[in-house]
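Novice: Starting off with a structure, shown below.
Protein chains: 2
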Amino acid sequence: MVTLPRTAGEIGSATGSAHEQVYRSLRSRIMHGEIDPGEALTLRGIGKEFGVSMTPARESVRRLAAEGALTMSSSGRITAPDLSADRIEELAALRALLEPELAARALPRAHLALIDRLRAINARVSEFVAKQDAVGYLRTNLEFHRTLYLRAQAPAMLAMVETVWLQLGPTMRALYARRNRTDLQKHHRMILAALAAGDEPALRLAVRTDVTQGLKMLVA
Amino acid sequence: MVTLPRTAGEIGSATGSAHEQVYRSLRSRIMHGEIDPGEALTLRGIGKEFGVSMTPARESVRRLAAEGALTMSSSGRITAPDLSADRIEELAALRALLEPELAARALPRAHLALIDRLRAINARVSEFVAKQDAVGYLRTNLEFHRTLYLRAQAPAMLAMVETVWLQLGPTMRALYARRNRTDLQKHHRMILAALAAGDEPALRLAVRTDVTQGLKMLVA
DNA sequence: TCGCGCGTTTTGTGATCACAATCCCCCCAT
DNA sequence: ATGGGGGGATTGTGATCACAAAACGCGCGA
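Structure (structure tokens):
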């Protein structure tokens, strides 16, 4: 394999270095439940898939492992994490702690345009629920939350929540199967109503409930 | 440089791979304020210092950068982060959100032995304050908090708080200079009192105050 | 004296290689 | 049929190299 000029496969504007492309791609897969808990990955396999050598593959994997998105055995073997019930509960508690705060910080800046955008995303969520598409549902559901939290202007806090999502990613799809589809949308509607009303306590509660609801099912 | 047998410089039991040693060492320095904001590092420099090649140095640096402990410019230049006031405020808010929760979770498990250990650590904190040793103070102060939070049995939450500490590390020492030394200890004593009394609301408040107090000074 | 090019040096990136540890699978003995 | 052992294949680790881009410094010109 030869060092190609930097413009080889890049489509639009600066896509970033090789290891970043690999990182983003893997991260997205993991966060959206496209990788099963316990599934194994290899550096050479990743490298081959993305057309790069082991070096950027290794950096991506190490970074994801540092963020808890992947597990490395003592011998260095790479797998998607299979979370214990305790760990899931803890991560759920983190979401319940952080996300209402982010929502509350976003509230004063939530104009009508944002609420409309959220409604549109929520419509797409409904489609995926109807189509029983777990990955699509996870993706749009997280997009709903992220779109709201982006308004909080709190990048470090958002990054932290996304790390939690990442850790929960592989487990999420399994979780989706058990979830009661009908009241999925109810919580999002409560969030939208509280946003429109400018009611912070209601918003905090709605977000906390939405976050907690789905995750507590796994433990039960 | 030659690949040495794995048992080369290892003292006790498995110290971990080369990049992990480098990572732990750098992380400790950063978290305890031994690196100034804006200070530059180089992969070859790190490698030379630890007697390893660029590869493990690079992995350590990338990992630390992913955790926000180091900044990488678009050209890949490595520096310790120089935080904006907004960012500091946000990280302080994260501490104020997470640490009371960890303390509250530790409370039911906080036996007398733990409180005694905390008192002992607190005494060492006082020594460093008296000696005007900023790094020593930072180290023992964080040890005080970590010892308490370890009892919460919440590894993911603790990891998250430590990431916040890490990001604040380089800025912390500058902060220390402005801090009113006399009421530093007051808050720790309040924490100990609330722990001994088993009073959760008081504990949450004491932790939140301790955390907030020092950090709000930078913004002012 | 100050600013600005240009060449040298430094620095990060990615590929490749040697190596040791581990895993996997197949075969054989019981 | 089943369990254990052994050998080949796979895998992560770290060193080294080539390369391009950025940084630095030095000297020349205004």
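Protein chains in written order, with our numbering: chain A, 1 to 220; chain B, 1001 to 1220.
The beta-carbon is built from N, C-alpha and C at its ideal position, and this holds for glycine as well.
Note that the coordinates shown come from a computational prediction; the quantities given were computed from them, not determined experimentally.
Is A1018(B) close to chain A? Criterion is C-beta to C-beta, closer than 7 Å.
Specialist: With 7 Å as the cut-off, A1018(B) does not count as an interface residue toward chain A.
Novice: Which class does G1016(B) belong to by DSSP, given the choice of helix, strand or coil?
Specialist: Reduced to three states, the DSSP call for G1016(B) is coil.
Novice: Using 10 angstroms around the beta-carbon of D86(A), count the other beta-carbons present and answer buried if the total reaches 16, otherwise exposed.
Specialist: With fewer than 16 Cβ atoms within 10 Å of its Cβ, D86(A) is classed as exposed.
Novice: In chain A, which residues lie less than 9 Å from R1124(B) when you measure between Cβ atoms?
Specialist: Ordered by position in chain A, no residue passes the 9 Å Cβ test against R1124(B), which lies about 30 Å from the chain.
Novice: Along the chain, where does the alpha helix (DSSP H) that runs through E1101(B) open and close?
Specialist: For E1101(B), the enclosing alpha helix (DSSP H) stretches over residues 1085-1106.
Novice: Who does T55(A) pair with in a DSSP beta bridge?
Specialist: The partner list for T55(A) (beta bridge, DSSP) is empty, contrary to what the question assumes.
Novice: Let me know if L1148(B) comes out buried or exposed under the rule of 16 or more other beta-carbons within 10 Å of its beta-carbon.
Specialist: Buried is the call here.
Novice: Please list the partners that R63(A) has in chain B, where partner means a Cβ-to-Cβ separation under 7 Å.
Specialist: R1062, R1063, A1066
Novice: Return the chain-ordered list of same chain residues with a C-beta closer than 6 Å to the C-beta of T1248(B), the five sequence neighbours on each side being excluded.
Specialist: Any question about residue 1248(B) goes unanswered here, given that chain B covers just 1001 to 1220.
Novice: Are L205(A) and A92(A) close, meaning C-beta to C-beta below 7 Å?
Specialist: With contacts defined by Cβ atoms closer than 7 Å, L205(A) and A92(A) do not form a contacting pair.
Novice: Look up T1079(B) in the DSSP assignment and give the residues it is bridged to.
Specialist: Answer is A1040(B), T1071(B), bridged to T1079(B).
Novice: Just to confirm the assignment, what range does the alpha helix (DSSP H) spanning E1034(B) have?
Specialist: Premise fails: E1034(B) is in no alpha helix (DSSP H) and is neither H nor E.
Novice: Closer than 7 Å, CB to CB, is A1156(B) near chain A or not?
Specialist: yes
Novice: How big is the Cα-Cα spacing for T1209(B) and R1063(B)?
Specialist: 31 Å
Novice: Pick from G1047(B), N1122(B), A1065(B), L1107(B): whose alpha carbon is nearest that of I1266(B)?
Specialist: Here chain B comprises residues numbered 1001 to 1220, so residue 1266(B) is not present and cannot be evaluated.
Novice: For R1146(B), collect the residues of the same chain with a Cβ closer than 8 Å to its Cβ; drop the 5 residues on either side in sequence, then sort them by chain order.
Specialist: L1158, E1162
Novice: Inspect the beta-carbon positions of A40(A) and L166(A) and report whether they are closer than 7 Å.
Specialist: Contact: no.
Novice: Please state whether the Cβ-Cβ distance between R95(A) and V164(A) is less than 7 Å.
Specialist: Here R95(A) is near V164(A), since their CB atoms are less than 7 Å apart.
Novice: Return yes when the Cβ of L203(A) is within less than 7 Å of the Cβ of A103(A), no when it is not.
Specialist: yes
Novice: For H1019(B), does the count of other Cβ atoms within 10 angstroms reach 16, so buried, or fall short, so exposed?
Specialist: buried
Novice: Can you find a C-beta in chain B that's less than 7 Å from the C-beta of E90(A)?
Specialist: yes
Novice: Would E200(A) count as contacting chain B if we go by Cβ distances under 7 Å?
Specialist: Not an interface residue.
Novice: Determine the closest residue to Q21(A) out of E49(A), R77(A), F144(A), E34(A), with distance taken between C-alpha atoms.
Specialist: E49(A)
Novice: Quick check: is the beta carbon of E1059(B) nearer than 7 Å to any beta carbon in chain A?
Specialist: Yes, E1059(B) lies at the interface with chain A (some Cβ there is under 7 Å from its Cβ).
Novice: Taking the straight line between their C-alpha atoms, what separation do you get for L142(A) and E1067(B)?
Specialist: 22 Å
Novice: How big is the Cα-Cα spacing for L1107(B) and Q1213(B)?
Specialist: Taking the straight line joining both Cα atoms gives about 22 Å.
Novice: Please say whether L195(A) and A110(A) have beta carbons closer to each other than 7 Å?
Specialist: yes
Novice: Grab me the residues of S126(A)'s own chain with a C-beta within less than 7 Å of its C-beta, minus the 5 sequence neighbours each way, in chain order.
Specialist: Q185
Novice: Assign S60(A) to one of two classes, buried (16 or more other C-beta atoms within 10 Å of its C-beta) or exposed (fewer than that).
Specialist: buried
Novice: Under 7 Å between beta-carbons, which chain B residues line up against R87(A)? List them in chain order, please.
Specialist: A1156
Novice: Looking at the structure shown, is H224(A) part of a helix, part of a strand, or coil, going by DSSP?
Specialist: Since the first residue shown for chain A is 1 and the last is 220, residue 224(A) is missing from the structure and cannot be characterised.
Novice: Around the C-beta of P1056(B), are 16 or more other C-beta atoms found within 10 angstroms, so that it is buried, or is it exposed?
Specialist: With at least 16 other beta carbons inside 10 angstroms of its own, P1056(B) counts as buried.
Novice: Please report the distance separating the alpha-carbon of Y137(A) from that of P100(A).
Specialist: 21 Å
Novice: The alpha helix (DSSP H) with D116(A) in it runs from where to where?
Specialist: It spans 112-130 - the alpha helix (DSSP H) in which D116(A) sits, taken as one unbroken run.
Novice: Is the distance from the Cβ of M1156(B) to the Cβ of R1105(B) below 7 Å?
Specialist: Residue identity check: residue 1156(B) is Ala in the sequence provided, not Met. No, Cβ-Cβ distance for A1156(B) and R1105(B) is not below 7 Å.
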